[in-house]
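Listed in order, the protein sequences are those of chains A and B.
Under my numbering, the first residue of the first sequence is numbered 1069, with each subsequent residue one higher.
Under my numbering, the first residue of the second sequence is numbered 1069, with each subsequent residue one higher.
C-beta: ideal position from N, C-alpha, C; glycine also.
Quick caveat: nothing in here was measured; it's all calculated off a predicted structure.
2 protein chains.
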Amino acid sequence: MAEALILHQDCRSGNCYKIALTAALLGLPLERRDYDILRGQTRTPEFLAEVNASGNIPVLQVGTRFLPESNAACWYLAEGSALIPTDRFERADMLRWMFFEQYNHEPNIATLRFWLTFVGEANLNEFQQAQIMPKRIAGEAALKLMDEHLATRDWMVGQHLSLADITLYAYTHVCEGGAFRLGDYHHVCRWLKRVASQPGYVAMG
Amino acid sequence: MAEALILHQDCRSGNCYKIALTAALLGLPLERRDYDILRGQTRTPEFLAEVNASGNIPVLQVGTRFLPESNAACWYLAEGSALIPTDRFERADMLRWMFFEQYNHEPNIATLRFWLTFVGEANLNEFQQAQIMPKRIAGEAALKLMDEHLATRDWMVGQHLSLADITLYAYTHVCEGGAFRLGDYHHVCRWLKRVASQPGYVAMG
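Now the structure itself:
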């Protein structure tokens, strides 16, 4: 990787952690710059002008270019490595689980964790309050689908660890912060241990 | 493409349309099998057992294998074609917009279109009613971000049409079905015409 890699992050974010974990498993040097999203540090005029106009993190900086969206950043880092399957169908199937993660998993599990652990239930507005129950139901459905999938295999796709595992690991392993009952999902729990035992693994934070 | 391609679809779905449009632009033969999601035809025991355990469409069938998630299916079809940039950063940047589409765009714009055009506002439950306003705001933010991005370029990524354009086109061009004011987004409107004028383009439905 010829250009310097800088991760603009909040270290409590699983989306940021995915990128750090991918870099660690690949042995890539990654500079990390911290922002506190609860203090609006990603909504400053400087951040919006220079890093990401939408005010979101993570952003992976590659030299002078900026790449938002956690799963796209993981893809960028992992191209050509063993974290992306060489088989065409498996590669698309890996992306399938990464889109599932952003559509069915993160908006429910990560959002409830953010609301309940960092914002505080008493501080939620009426729109957020109304979304707790549908997000609970949808998050449980996502965990159940993963658990059934992992009942007959060690990894989400193919025979090896891939970005599908890394990106889904990030918020699954801290889902109790959103009051999900992780212990109900036995196959998921065994898979979490499998991911955490990989050489180069780093913990969140 | 050696194996037969079958799209399990509801022809009103923009997520299904993305895949059909990608195949059409690439000149790939694609058999289409129709289901009516409003009549529960993707929740039958047969569908859940054979096509997709989560009961969602689209699913791209490749021979005897099944690939859910619209953007992953588009990727599968387009690998090795001009619809995916050859530059590593641009390729990741294309995925960035495809994840943006599934996280910031589709859950707001497609969902409001589905609720208002196909379900009917009077038939929404209280959780859905409470989400109309936040989805309106988030959908407008997504369209505004696209409009600003397209103010200085013809295509979402690089100098050519890519999957970023195709996947974002699908629900943007019918966003008025969700009561979004498409005419407010001038650069988006010009870009929609650009996409629709591509050789091989097919309309939705």
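With respect to the C-alpha of residue 1210 of chain A, the residue from A/1271, A/1146, A/1253 having the closest C-alpha is A/1253. When A/1154, A/1075, A/1189, A/1227 are compared, the shortest CA-CA separation from residue 1119 of chain A is found for A/1075. Within chain A, not a single residue places a beta-carbon under 8 Å from that of residue 1077 of chain B; the smallest gap is close to 16 Å. In the pairwise beta carbon analysis, the region 1202-1222 of chain A is classified as touching the region 1251-1268 of chain A: at least three pairs are separated by under 8 Å.
DSSP places residue 1157 of chain A within a helical segment (H, G or I) once states are collapsed to three. Interface flag for residue 1253 of chain A against chain B is unset, since no Cβ pair is found closer than 8 Å.
Taking 8 Å as the CB threshold, residue 1120 of chain A stays off the interface with chain B. By the C-beta criterion, the region 1238-1245 of chain B is judged not to be in contact with the region 1197-1204 of chain B, since fewer than 3 inter-stretch pairs fall below 8 Å. Of all alpha-carbon atoms in A/1092, A/1206, A/1232, the one lying nearest the alpha-carbon of residue 1217 of chain A is that of A/1232. At least one CB atom of chain B sits nearer than 8 Å to the CB of residue 1157 of chain A. Residue burial annotation: residue 1173 of chain B is buried, with at least 16 other C-beta atoms found within 10 angstroms of its C-beta. Residues of the same chain with a CB within less than 7 Å of the CB of residue 1162 of chain A, apart from the 5 flanking positions on each side, are 1152, 1153, 1225, 1230, 1231, 1232 in chain order. Counting along the chain, residue 1134 of chain B sits inside the beta strand (DSSP E) bounded by residues 1133-1136. Residues of chain A whose Cβ lies closer than 9 Å to the Cβ of residue 1201 of chain B are, in chain order, 1195.
In the structure shown, residue 1102 of chain A falls within a strand segment according to DSSP collapsed to helix, strand and coil. For residue 1254 of chain A, there is no enclosing beta strand (DSSP E); the residue is found in the alpha helix (DSSP H) stretching over 1254-1264. Below the 9 Å Cβ cutoff, chain B contributes 1157, 1161 as neighbours of residue 1133 of chain A, in chain order. Beyond the five residues adjoining it in sequence on each side, residue 1166 of chain A comes within less than 7 Å, by CB distance, of 1139, 1231, 1232, 1235 in the same chain, given in chain order.
Residue 1082 of chain A is classed as buried because its beta carbon has at least 16 other beta carbons within 10 Å across all chains shown. Secondary structure at residue 1076 of chain A: strand, using DSSP grouped into helix, strand and coil. Out of B/1183, B/1178, B/1206, the CA that lies nearest to the CA of residue 1195 of chain B is found in B/1183. The C-beta distance from residue 1143 of chain A to residue 1160 of chain B rounds to 5 Å, short enough to fall under 8 Å. Residue 1130 of chain A has a beta carbon lying within less than 8 Å of a beta carbon in chain B.
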